[in-house]
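**Student:** With my numbering applied, the sequence shown corresponds to residues 8 to 329, in that order.
Next up is a structure, given as structure tokens.
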Amino acid sequence: MAEPDMPPNRLTGGHLPLGSDCLIRSWSLHFLFGLKICGIALIVQTGLWFPTAVSSNGLDNTTKEFTATGEMTPADWSDPEELDRTWQGALIALPDKHQVTAGVLTDLSSIKVSPKFKRLPTVIYLHGCGGIWSGTRARMDVFKRNGFAVITPASFARNKYPKSCDPVKKVGGFYRDILKMRQLDTLHAIQEARKLNWVDPDNIFLVGFSEGAIVSATLSTELGQPLRARVIEGWTCQAAGWPEYRGLNPATIEPVLTLVAEGDPWFQNHWTKGDCAEFINKENGSRSVVYDQGPLQYTHSLLHNEDVQQLVIAFLQAHLVE
8 MAEPDMPPNR
18 LTGGHLPLGS
28 DCLIRSWSLH
38 FLFGLKICGI
48 ALIVQTGLWF
58 PTAVSSNGLD
68 NTTKEFTATG
78 EMTPADWSDP
88 EELDRTWQGA
98 LIALPDKHQV
108 TAGVLTDLSS
118 IKVSPKFKRL
128 PTVIYLHGCG
138 GIWSGTRARM
148 DVFKRNGFAV
158 ITPASFARNK
168 YPKSCDPVKK
178 VGGFYRDILK
188 MRQLDTLHAI
198 QEARKLNWVD
208 PDNIFLVGFS
218 EGAIVSATLS
228 TELGQPLRAR
238 VIEGWTCQAA
248 GWPEYRGLNP
258 ATIEPVLTLV
268 AEGDPWFQNH
278 WTKGDCAEFI
288 NKENGSRSVV
298 YDQGPLQYTH
308 SLLHNEDVQQ
318 LVIAFLQAHL
328 VE
């Protein structure tokens with residue numbers, strides 16, 4: 008129902024999204040060689056893995072070939088092959104200090120952490136309704152710089168996927184059942200992440216932005232496998248007429264941090280305006296933060312701000328367990 012303040016960046020001028028040093032100057036064999044070298048440099052220098060699909064069309068609102076809503080069926084939501092596409096297309100980030108090796112970049116199970124390091128606290132990050140954009144990578148970088156592994160399932164990697172918003176007009180809700188699809192993608196990611204030998208199963212956090220924040224707010228985890236904590240960026244927990252979008256649905260023991268601007272341009276209508284305070288469980292360390300002063304009071308993408316980043320990192324670190 009919501010999305011970034013700006014649309015995702017597109018490829019222009021022959022540059023690849025692999026860093027400023029990676030400029031491919033011709034479309035000859037040098038392109039393939041340069042792409043390989045740039046990819047290796049990206050992994051070594053940043054600790055980020057971006058599957059091939061990320062540098063191609065299809066994972067953002069400007070390039071995805073959407074499926075008409077009338078062609079979507081409930082069977083599509085839980086199709087195992089579709090769920091696997093979101094996992095195999097996931098973006099991955101690991102803390103810089105961890106030495107890793109990887110086979111095929113989309114094969115998360117092939118990533119091995121050096122034996123001298125403990126399993127990593129891991130953030131499952133959920134993108135907004137516009138898909139993967141520059142802000143996705145920026146948020147992943149914040150978490151990895153502070154010691155967290157990050158896995159971002161790519162819901163847009165599904166073959167059948169409906170358009171759920173217009174980021175330019177800041178209008179969402181085009182396909183109500185997108186929430187069910189995103190919830191299934193997320194549960195699948197959590198389940199698969201627990202199988203990885205470098206993920207600490209006791210320190211899995213769920214962080215969502217915009218539409219991803221709605222998923223983070225409403226997701227019901229599997230019995231006996233609660234998340235360590237959740238962060239909700241850019242959502243009000245209010246959705247008059249759509250009860251499945253309203254409120255918070257974490258396990259009782261899961262702390263939640265909710266972040267929203269009072270003047271968020273996405274939520275100035277009567278059916279979504281507000282905040283999550285009424286749903287917060289103050290007994291377990293949960294917090295509702297509403298920005299009502301300064302430039303942030305009109306901002307949807309709050310985690311671009313360093314103070315907000317520090318707040319979120321402090322919240323996650325406070326809820327780590329040994």
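Built from N, CA and C at the ideal position, the CB exists for glycine as well.
Per DSSP, which one or two residues make a beta bridge with aspartate 216?
**Tutor:** A quick correction: the sequence has phenylalanine, not aspartate, at residue 216. Paired residues: Glu240.
**Student:** Under 8 angstroms, do glycine 135 and phenylalanine 216 count as touching if we go by C-beta distance?
**Tutor:** Closer than 8 angstroms, so yes.
**Student:** In angstroms, rounded to a whole number, what distance separates the CA positions of leucine 90 and leucine 327?
**Tutor:** Distance between the alpha carbons of leucine 90 and leucine 327 is about 29 angstroms.
**Student:** How many angstroms separate the CA atom of valine 319 from the CA atom of valine 238?
**Tutor:** Straight-line Cα distance between these residues: approximately 8 angstroms.
**Student:** Would you say lysine 71 lies against chain B (beta-carbon separation less than 8 angstroms)?
**Tutor:** The structure shown contains no chain B; it holds only a single protein chain.
**Student:** Answer yes or no: do valine 315 and leucine 266 have a C-beta to C-beta separation smaller than 8 angstroms?
**Tutor:** Closer than 8 angstroms, so yes.
**Student:** Quickly, what does DSSP pair serine 2 with across the bridge? List them, please.
**Tutor:** Any answer about residue 2 is impossible in this case: the structure gives the chain only from 8 up to 329.
**Student:** If you reduce the DSSP assignment to three classes, tell me which class leucine 309 lands in.
**Tutor:** Helix.
**Student:** Alpha carbon to alpha carbon, how far is methionine 188 from leucine 127?
**Tutor:** Cα-Cα distance, rounded: 27 angstroms.
**Student:** Could you tell me if glycine 301 is buried or exposed, where buried requires 16 or more neighbouring beta carbons within 10 angstroms of its beta carbon?
**Tutor:** When all chains shown are included, glycine 301 counts as exposed.
**Student:** Using the Cα positions of phenylalanine 180 and alanine 75, report the straight-line distance between them to the nearest angstrom.
**Tutor:** The amino acid at residue 180 is misidentified as phenylalanine; the sequence shows glycine. Whole-angstrom Cα-Cα distance: 14 angstroms.
**Student:** By alpha-carbon positions, which one of Asp209, Glu251, Thr69, Ile118 ends up nearest to phenylalanine 163?
**Tutor:** Closest by alpha carbon: Thr69.
**Student:** For phenylalanine 57, does the three-state DSSP call read helix, strand or coil?
**Tutor:** Low confidence applies here, because phenylalanine 57 scores a pLDDT of 47, under 50, leaving its location unreliable; read the following figure in that light. Correct three-state label for phenylalanine 57: coil.
**Student:** Out of Gln317, Thr159, Arg152, Phe150, point me to the one whose CA is closest to tryptophan 357's CA.
**Tutor:** Any question about residue 357 goes unanswered here, given that the chain covers just 8 to 329.
**Student:** Measure the beta-carbon distance from leucine 303 to leucine 310 and round it to whole angstroms, keeping in mind my assumption that it falls under 8 angstroms.
**Tutor:** Leucine 303 to leucine 310, Cβ: 11 angstroms. No contact.
**Student:** Please look up how many angstroms separate the CB atoms of threonine 233 and alanine 258, rounded, as I've assumed it's under 8 angstroms.
**Tutor:** The identity of residue 233 in the sequence shown is proline, whereas the question assumes threonine. Confirmed, about 4 angstroms.
**Student:** What residues match up with leucine 264 in a beta bridge as DSSP calls it?
**Tutor:** For leucine 264, which the question treats as bridged, DSSP gives the partners Val238, Arg294.
**Student:** For asparagine 204, which residues of its own chain have a beta-carbon under 6 angstroms away from its beta-carbon, when the five flanking residues on both sides are left out?
**Tutor:** Contacts found: none.
**Student:** According to DSSP, simplified to helix, strand and coil, what is valine 130?
**Tutor:** The answer is strand: DSSP assigns valine 130 an E or B state.
**Student:** Any idea what DSSP makes of glycine 180, helix, strand or coil?
**Tutor:** Three-state result, glycine 180: coil.
**Student:** For aspartate 192, count neighbouring Cβ atoms within 10 angstroms of its own Cβ and tell me buried if that reaches 16, exposed if not.
**Tutor:** Buried, since its Cβ has 16 or more Cβ neighbours within 10 Å.
**Student:** With respect to the alpha helix (DSSP H) encompassing threonine 93, which residues constitute its N-terminal and C-terminal limits?
**Tutor:** Here the alpha helix (DSSP H) through threonine 93 covers 87-95.
**Student:** Starting from valine 175, follow the beta strand (DSSP E) in both directions and report where the run begins and ends.
**Tutor:** Here valine 175 belongs to no beta strand (DSSP E), and DSSP marks it neither H nor E.
**Student:** Would the segment 242-256 count as touching the segment 224-232 if we require 3 or more Cβ pairs under 8 angstroms?
**Tutor:** Touching, per the Cβ criterion.
**Student:** If we call anything under 8 angstroms between Cβ atoms a contact, is arginine 183 one with threonine 93?
**Tutor:** No; because the gap between Cβ atoms is not below 8 angstroms, this pair is not in contact.
**Student:** Can you tell which of Gln324, Pro272, Ala321, Trp278 has the C-alpha that lies nearest to the C-alpha of lysine 176?
**Tutor:** The option with the nearest alpha carbon to lysine 176 is Pro272.
**Student:** If you draw a straight line from the C-alpha of leucine 264 to the C-alpha of isoleucine 131, how long is it?
**Tutor:** For leucine 264 and isoleucine 131, the distance between alpha carbons rounds to 15 angstroms.
**Student:** With burial defined as no fewer than 16 other Cβ atoms inside 10 Å of the residue's Cβ, what is the status of lysine 202: buried or exposed?
**Tutor:** Exposed.
**Student:** For tyrosine 325, name the three-state secondary structure that DSSP assigns.
**Tutor:** Here the sequence assigns alanine to residue 325, which means tyrosine is not the residue at that position. Three-state DSSP puts alanine 325 in a helix.
**Student:** Give me, in chain order, the residues of the same chain whose beta-carbon lies closer than 6 angstroms to that of arginine 150; leave out the 5 immediate sequence neighbours on both sides.
**Tutor:** Checking the sequence shown, residue 150 turns out to be phenylalanine, not arginine. Answer for phenylalanine 150: Val130, Val157, listed in chain order.
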